[in-house]
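Here the structure is laid out as structure tokens; the discussion comes afterwards.
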Amino acid sequence: MLPYLTEKFGNPSSRQHAFGQEAQAAVEEARAQLARLIGAEPGDIVFTSGATESDNLAVRGAARAAAARGRHLVTTALEHPAVLEPARTIEREGFEVTVVGVGPDGIVATDEVARALRPDTVLVSVMAANNEVGTVQPIAEIGRLCGERGILFHTDAVQAVGRMPVRVDEWGTDLVSISAHKMYGPKGVGALYVRRSRRPRVRLQPQAEGGGQEKGLRSGTLNVPGIVGLGEAARLATEALAGGEPARIAALRDRLLAGLRRRLDGVEVNGSMEHRLPGNLHLSIARAEAETLILSLGGRIAISSGAACAEAGGKGSHVLRALGLSDERIYTALRFGLGRFNDAAEIDAAVEALAPAVEAARQRAAAAPR
Ligand SMILES: *Cc1c(COP(=O)(O)O)cnc(C)c1O
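Take the sequence shown: its letters are residues 178 to 547, numbered as in the working numbering.
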């Protein structure tokens, strides 16, 4: 990214001179790198400011463009607010929205989605993997269902891209949201895959209108350093996936769970363990309130009691509620995220730090007056 922040200032839309052409070439290389990671045609990638924008463009843009054909949208209780909020917005514009629920395994059942479809359904939006409990959804199955009925299918694949194989072509997806900073890239840049290379082309109403960049789907001068960073992150992720990184991370995750269970009773995993991102562990530890526990660790372990966006909003987790977890399970819930830079020594150190902190939290809770 550095040359594009310090020396190469061309605007990729200025194609008459070498500076612009150089920037354009860098953007096109990044587009190809990202396309390769997800099994897409480069021309189907639209760069955005991040997945929040991608989700908004997909949900609002696809719904509004299809409004003449039908006004029904199907989504799920697990979705990120960047999908749920635009769904609420189009509801106020006269759409009906069906929100499919999940069971305690945190998996959306394909037949529940099938039951929710109506003749006027124009869009289905189901995330590929959840950002809190890490559960992986049957996207290819839902894609097939939507394809058979000619209904557009959007997936928020932010958590899946770079962490597990993503093949937008085989999944039957029409719209796929991606964020750079969830795959070791820079913040404030992302992409939306929009299937336009195969007919019928996906039609979207653009949210940002103006200079016509990104085939008119997302006007605005491109964030060249950010896009270059996203491309490089995609290249590295392609390598990591081929090199067996998911299995290495899953083994660390399993070591963490085994270590905690060896030292503590009352450790319950939330959501399916089988259909889960390799780097996600979401647990409730009985009688140890999560906020207190995290505070008592003094920032030594970077874990959270929920999603960063739920924390910012100050509301409890709608995802944990959707799983039907008890209040006790919810306020003792911890999310661990493991990644490329973790090793076994860190996992063991985390277990060593957590076990006594849990015991101390339990003793304090037991001693506290009711
Ligand atoms: C982080 C996240 C987003 C938002 O992405 P930004 O690039 O931060 O706007 C959307 N969906 C999911 C599932 C996420 O985890």
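We put the CB at the ideal spot given by N, CA and C, even for glycine.
Open item on the list: I need the straight-line Cα distance from V401 to F272, nearest angstrom please.
Closed with: Along the sequence shown, one-based indexing puts residue 401 at 224. Along the sequence shown, one-based indexing puts residue 272 at 95. Taking the straight line joining both Cα atoms gives about 36 Å.
- [ ] Take P533 and list the residues in its own chain whose beta-carbon comes closer than 7 Å to its own, dropping the five residues that flank it on each side.
- [x] In the sequence shown, residue 533 corresponds to position 356, counting from 1. So no residue of the chain qualifies.
TODO: Enumerate in chain order the residues of its own chain whose CB-to-CB distance from N519 is below 7 Å, with the five nearest sequence positions on each side excluded.
DONE: Taking the sequence shown and counting its residues from 1, one reaches residue 519 at position 342. L429.
Open item on the list: Can you tell me whether E289 is helix, strand or coil according to DSSP?
Closed with: Working through the sequence shown from its first residue, we reach residue 289 at position 112. Three-state DSSP puts E289 in a helix.
TODO: For G367, write down the residues that DSSP places opposite it in a beta bridge.
DONE: Position 190 of the sequence shown, counted from the start, is the residue given in the question as residue 367. DSSP output for G367 lists T225, S356 as bridge partner(s).
Open item on the list: Taking the beta carbon of G490 as the centre, do at least 16 other beta carbons fall within 10 Å, making it buried, or is it exposed?
Closed with: The residue you call residue 490 lines up with position 313 of the sequence shown. Interpretation of G490 is limited by its pLDDT of 49, a score under 50 that renders its predicted location unreliable; no figure is taken from the coordinates.
Open item on the list: Can you confirm whether the stretch 313 to 322 touches the stretch 276 to 287 when touching is taken to mean that 3 or more C-beta pairs between the two stretches lie within less than 8 Å?
Closed with: yes
Open item on the list: Short of 7 Å in beta carbon distance, which residues of its chain neighbour A242, apart from the five on each side in sequence? Order them along the chain.
Closed with: To locate residue 242, count along the sequence shown from 1; it is residue 65. Excluding residues within five positions, the ones whose Cβ falls inside 7 Å are R380, L381, Q382.
Open item on the list: Taking the straight line between their C-alpha atoms, what separation do you get for P180 and A467?
Closed with: Position 3 of the sequence shown, counted from the first residue, corresponds to residue 180. Position 290 of the sequence shown, counted from the first residue, corresponds to residue 467. Going by the C-alpha atoms only, they are around 43 Å apart.
TODO: Locate the beta strand (DSSP E) running through R512, then write down its first and last residues.
DONE: Position 335 of the sequence shown, counted from the start, is the residue given in the question as residue 512. Counting along the chain, the beta strand (DSSP E) containing R512 begins and ends at 510 to 514.
TODO: Kindly confirm or deny that the stretch 231 to 242 and the stretch 339 to 358 touch, where touching means at least three C-beta pairs closer than 8 Å.
DONE: yes
Task: Straight-line Cα distance separating T415 from A264 - done: Along the sequence shown, read from residue 1 onward, the residue named residue 264 stands at position 87. Along the sequence shown, read from residue 1 onward, the residue named residue 415 stands at position 238. Going by the C-alpha atoms only, they are around 32 Å apart.
Open item on the list: Once DSSP output is grouped into helix, strand and coil, what is the label at E273?
Closed with: The residue you call residue 273 lines up with position 96 of the sequence shown. Here E273 sits in strand by DSSP.
Open item on the list: Is E230 close to ligand 1? I mean its beta-carbon at under 8 Å from any heavy atom of the ligand.
Closed with: Within the sequence shown, numbered from 1, the residue matching residue 230 stands at position 53. Answer for E230: yes, Cβ within range of ligand 1.
- [ ] Note down the Cα distance separating L255 from T183, rounded to an integer number of angstroms.
- [x] The residue labelled residue 255 in the question sits at position 78 within the sequence shown. The residue labelled residue 183 in the question sits at position 6 within the sequence shown. Rounded to the nearest angstrom, the two C-alpha atoms are 41 Å apart.
Task: Backbone CA spacing between A527 and A463 [nearest angstrom] - done: Along the sequence shown, one-based indexing puts residue 527 at 350. Along the sequence shown, one-based indexing puts residue 463 at 286. So the alpha carbons of these two residues sit roughly 18 Å apart.
Open item on the list: Helix, strand or coil, according to DSSP, for C486 in the structure here?
Closed with: Counting from one through the sequence shown, the residue named residue 486 turns up at place 309. Low confidence applies here, because C486 scores a pLDDT of 48, under 50, leaving its location unreliable; read the following figure in that light. Here C486 sits in helix by DSSP.
- [ ] Pull up the CB-CB distance for T252 and V276, whole angstroms please, since I reckon it's below 8 Å.
- [x] Reading the sequence shown from its first residue, position 75 is the one you call residue 252. Reading the sequence shown from its first residue, position 99 is the one you call residue 276. Sure, about 6 Å apart at Cβ, within 8 Å.
- [ ] Please confirm whether any heavy atom of ligand 1 lies closer than 8 Å to the CB of G227.
- [x] Within the sequence shown, the letter at position 50 stands for residue 227. Flag set: Cβ of G227 near ligand 1.
Task: beta strand (DSSP E) segment containing D333, residue limits - done: Stepping through the sequence shown from its first residue, residue 333 is reached at position 156. 329 to 333 is the extent of the beta strand (DSSP E) around D333.
- [ ] Can you tell me which of the three DSSP states G491 falls into?
- [x] Here residue 491 corresponds to residue number 314 of the sequence shown, with the count starting at 1. Legend: pLDDT at G491 = 49, less than 50; position of this residue unreliable, value from coordinates given subsequently. Of the three classes helix, strand and coil, the one that applies to G491 here is coil, per DSSP.
Open item on the list: Does E445 come out as helix, strand or coil in the three-state DSSP assignment?
Closed with: Locating residue 445 in the sequence shown gives position 268, where the first residue counts as 1. Strand, per DSSP.
Open item on the list: Can you check which of these residues, R295, R517, A217, R192, is closest to W348 by C-alpha distance?
Closed with: The residue you call residue 348 lines up with position 171 of the sequence shown. When only C-alpha atoms are compared, the closest one is A217.
- [ ] Return yes when at least one heavy atom of ligand 1 lies under 8 Å from the C-beta of Q384, else no.
- [x] Looking up residue 384 in the sequence shown gives position 207. Outside the cutoff, so no.
Open item on the list: Using C-beta distances below 7 Å, list every residue in its chain close to R295, excluding the 5 sequence neighbours before and after it, in chain order.
Closed with: Working through the sequence shown from its first residue, we reach residue 295 at position 118. Here the set comprises H249.
TODO: Specify, as a first and last residue, the run of the alpha helix (DSSP H) that L472 falls within.
DONE: Here residue 472 corresponds to residue number 295 of the sequence shown, with the count starting at 1. That run of the alpha helix (DSSP H) goes 467 to 473.
Task: Other residues of its chain near R477: CB distance less than 7 Å, five sequence neighbours each side excluded - done: Stepping through the sequence shown from its first residue, residue 477 is reached at position 300. Excluding positions up to five away in sequence, the list reads A530.
Open item on the list: Using a Cβ-based criterion (distance less than 8 Å to any ligand heavy atom), does S356 qualify as near ligand 1?
Closed with: Counted from its first residue, the sequence shown places residue 356 at position 179. Within the cutoff, so yes.
Task: Outcome for G403 when other beta-carbon atoms lying within 10 angstroms are tallied against a minimum of 16 - done: Here residue 403 corresponds to residue number 226 of the sequence shown, with the count starting at 1. Per the 10 Å Cβ criterion, buried.
- [ ] For E445, collect the residues of the same chain with a Cβ closer than 6 Å to its Cβ; drop the 5 residues on either side in sequence, then sort them by chain order.
- [x] Mapped onto the sequence shown, residue 445 falls at position 268. Contacts found: S461.
Task: Same chain only: Cβ atoms within 8 Å of V299, ignoring 5 sequence neighbours per side - done: The residue you call residue 299 lines up with position 122 of the sequence shown. Hits under 8 Å: A239, A240, A243, A244, R246, G247, R248, H249, L250, I328, L329.
- [ ] Give the secondary structure of V251 by DSSP, where H, G and I count as helix, E and B as strand, and everything else as coil.
- [x] The residue labelled residue 251 in the question sits at position 74 within the sequence shown. Here V251 sits in strand by DSSP.
- [ ] Might you give, ordered along the chain, the residues of its own chain that have their beta carbon closer than 7 Å to the beta carbon of E206, omitting 5 neighbours on each side?
- [x] On the sequence shown, residue 206 is found 29 positions in, with the first residue counted as 1. Cβ neighbours of E206 beyond the five flanking positions: G408.
Task: Where L294 falls: helix, strand or coil (DSSP) - done: Numbered from 1 along the sequence shown, position 117 holds the residue referred to as residue 294. The answer is coil: DSSP assigns L294 none of H, G, I, E or B.
Task: Rounded separation between G443 and R541 - CA only - done: Within the sequence shown, numbered from 1, the residue matching residue 443 stands at position 266. Within the sequence shown, numbered from 1, the residue matching residue 541 stands at position 364. When rounded, the distance between both Cα atoms is 17 Å.
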